[in-house]
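Notes follow once the structure below has been shown.
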Amino acid sequence: MAFFGKTDQATKHSKPLQLPQINNEKVLKKFERTLVGRVLNLEISESRVKAMLAFLPTVWRCEGRV
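Residue numbers for the sequence shown follow our numbering, so the first one is -4 and each next one is one higher.
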């Protein structure tokens, strides 16, 4: 693994990061209307996500250049 800057033995052998438990339902609800939230939510049909992604160049006014 590449490190930028100085490294020492403590860095190489430190304990893994422990993340707190999260409520997935709350996270999905919070981000359900975002692009990443829709792509990561398995309950949304694949065809709806594909249609949304195909429409984005029109929204961003770069249709035909992508």
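Note that CB positions come from ideal geometry on N, CA and C, so glycine has one too.
On a predicted model such as this, the values are computed, not experimentally measured, just so you know.
Whole-angstrom Cβ separation of leucine 51 and asparagine 36, contact assumed at under 8 Å? That pair is no contact at about 17 Å.
Is the distance from the Cβ of valine 44 to the Cβ of valine 34 below 7 Å? yes
When you compare only the Cα positions, how much space is there between asparagine 19 and histidine 8? 31 Å
Residues near glutamate 58 in its chain [Cβ-Cβ closer than 8 Å; skip 5 each side]: Pro52
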